[in-house]
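Visitor:
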Amino acid sequence: MTATELLTEARAGDGEAFRRLTEPYRRELQVHCYRMLGSVQDAEDALQDTLLDAWRGLGGFAGRSSIRTWLYRVATNRCLNALRSTRRRPARAWGNPGVQPPEPTRIGEVTWLEPYPDAPLEGALTVVPGPEARYEQTEAISLAFTTAVQLLPARQRAVLILRDVLGYRADEVADMLDSTTESVHSALKRARAGLERRLPDGHEPAPAPGSAAEQALIDKFVRAYAAGDVDGLVALFAEDVRVSMPPIPLEYEGREVAAGFFAAIMGEGWSLALVPTRANGQPAFAAYLDPAPGRPRLAAGLTVVTLAGDRISALVRFDSGVLPRFALPRSLPR
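Under full-length UniProt numbering, the sequence shown has 320 at position 320, and the numbering climbs by one with no breaks.
1) Alpha carbon to alpha carbon, what distance is there between valine 243 and phenylalanine 262?
2) Do proline 102 and glutamate 281 have their beta-carbon atoms positioned less than 8 Å apart in this structure?
3) Report the three-state DSSP secondary structure of arginine 134 (helix, strand or coil).
4) Beta-carbon within less than 6 Å of glutamate 239's beta-carbon, same chain only, minus the 5 sequence neighbours each way: which residues are those?
5) Within 10 Å of its beta-carbon, does arginine 64 have 16 or more other beta-carbons around it, so buried, or fewer, so exposed?
6) Could you give the distance in angstroms between the alpha-carbon of asparagine 81 and the alpha-carbon of glycine 269?
7) Sort Ser39, Gly267, Arg334 by Cα distance to glutamate 114 and report the nearest one.
8) For glycine 301, name the three-state secondary structure that DSSP assigns.
9) Please state if the CB of arginine 311 and the CB of serine 320 are separated by a distance shorter than 8 Å.
10) Please confirm whether valine 9 and alanine 3 have their CB atoms less than 8 Å apart.
11) Assign phenylalanine 61 to one of three DSSP states: helix, strand, or coil.
12) Near glycine 309, what residues of its chain come up, given a Cβ to Cβ distance below 6 Å and the 5 sequence neighbours on each side ignored?
13) For valine 241 and proline 207, I'd like the C-alpha separation in whole angstroms.
14) Out of Ala140, Val322, Val149, Asp178, state which residue places its alpha-carbon closest to the alpha-carbon of leucine 166.
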């Protein structure tokens with residue numbers, strides 16, 4: 001059945017036809033919602049609301065754009081509504097009373113950030129953007145990009161993602177947002193300036209995923225991090241390395257500052273088992289602590305590693321609540 005036939009059947013109330021009509025776009029729409037909201041859970045909720053809105057509003061689809069573009073319009077406005085009405089995940093205090101972390105470089109704002117597992121990204125990042133796009137799809141799912149766009153005002157965020165990530169024309173974006181091309185141009189100019197201030201610059205590209213260069217650097221990281229080897233870990237850091245741990249808002253920037261943080265938390269007897277995975281197109285590791293002989297190793301969060309050339313430019317640690325999305329357990333047997 002063609003897309004036109006599916007659309008006709010869906011308009012007549014055929015739910016299966018609607019599912020088949022929208023199925024090719026669901027993964028990329030969820031990624032779009034994630035870029036807008038920064039949270040996988042919120043993105044999943046927004047996608048479900050988008051599909052419900054689209055089902056209810058299908059009779060109003062005039063066919064002036066493709067069904068894909070219309071779905072992006074529905075999804076973007078659903079996300080904007082969510083940003084206006086939803087209480088974001090609050091910051092959480094440092095939770096290890098036995099360890100006193102040093103003073104942070106700054107207090108982070110994006111405490112609701114969550115990592116996006118690579119497995120459901122398959123297919124979503126192979127979408128060919130429009131000619132207006134300025135970012136590669138993989139770059140625009142990285143944690144650095146996702147964090148930076150969360151700090152933009154919601155409407156600027158939407159314009160930048162639609163224009164510079166998805167490559168829609170200014171007039172198309174204006175139609176999606178019930179705005180004008182002049183307003184879109186103005187919002188995009190401000191969004192680009194804001195993003196440029198917040199994105200780290202001057203870094204070498206990361207080694208290709210799965211390459212020997214990536215594996216060599218990751219092997220060094222695993223050895224040092226698992227054993228609590230502060231000197232070995234810090235030797236891998238870029239000068240301007242960033243360490244963060246949402247929803248805890250503490251952030252540490254710079255090699256010396258990061259060294260002080262890890263020296264404070266990696267006490268005697270530190271021992272981790274690390275299970276590799278990938279998030280946001282980057283290497284990631286679930287950590288499991290060794291609480292006592294004969295007891296299972298307990299999950300101690302997920303760390304996503306950002307590589308730049310032969311150095312580590314960022315570490316972002318998330319709590320253990322994200323592990324089920326990666327099909328990872330809360331404990332490991334001996």
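Note that the Cβ used here is the ideal one computed from N, Cα and C, for glycine as well.
Guide: According to the structure data:
1) By one-based count along the sequence shown, residue 262 stands at place 262. By one-based count along the sequence shown, residue 243 stands at place 243. Taking the CA atoms as reference points, phenylalanine 262 sits about 10 Å from valine 243.
2) Taking the sequence shown and counting its residues from 1, one reaches residue 281 at position 281. Taking the sequence shown and counting its residues from 1, one reaches residue 102 at position 102. The sequence given here has glycine at residue 281, not glutamate. Contact: no.
3) If you number the sequence shown from 1, residue 134 lands on position 134. Assigned with DSSP and collapsed to three states, arginine 134 falls in coil, not helix or strand.
4) For the purposes of this step, residue 239 is taken as residue 239 along the sequence shown, with counting starting at 1. Non-local C-beta neighbours of glutamate 239 in its own chain, meaning closer than 6 Å and more than five positions away in sequence, comprise Arg255, ordered along the chain.
5) In the sequence shown, counting from the first residue as 1, residue 64 sits at position 64. Arginine 64 should be labelled exposed.
6) Counting from one through the sequence shown, the residue named residue 81 turns up at place 81. Counting from one through the sequence shown, the residue named residue 269 turns up at place 269. In this structure, the CA atom of asparagine 81 is about 48 Å from the CA atom of glycine 269.
7) Within the sequence shown, residue 114 is the residue found at index 114, counting from 1. Ranked by how close their Cα comes to the Cα of glutamate 114, the residues Ser39, Gly267, Arg334 have Ser39 in first place.
8) By 1-based counting over the sequence shown, the position of residue 301 is 301. Looking at glycine 301 - three-state DSSP - the assignment turns out to be strand.
9) On the sequence shown, position 320 is the one that residue 320 refers to. On the sequence shown, position 311 is the one that residue 311 refers to. No, Cβ-Cβ distance for serine 320 and arginine 311 is not below 8 Å.
10) Here residue 9 refers to the residue found at position 9 when the sequence shown is read from its first residue. Here residue 3 refers to the residue found at position 3 when the sequence shown is read from its first residue. It should be noted that the sequence gives glutamate, not valine, for residue 9. No, the pair does not count as a contact, with Cβ atoms beyond the cut-off.
11) Counting from 1 along the sequence shown, the entry for residue 61 is found at position 61. Three-state DSSP puts phenylalanine 61 in coil, outside helix and strand.
12) In the sequence shown, residue 309 corresponds to position 309, counting from 1. Answer for glycine 309: Glu204, listed in chain order.
13) Working through the sequence shown from its first residue, we reach residue 241 at position 241. Working through the sequence shown from its first residue, we reach residue 207 at position 207. Whole-angstrom Cα-Cα distance: 17 Å.
14) Locating residue 166 in the sequence shown gives position 166, counting from the first residue. Across the set Ala140, Val322, Val149, Asp178, the C-alpha of Ala140 shows the shortest separation from the C-alpha of leucine 166.
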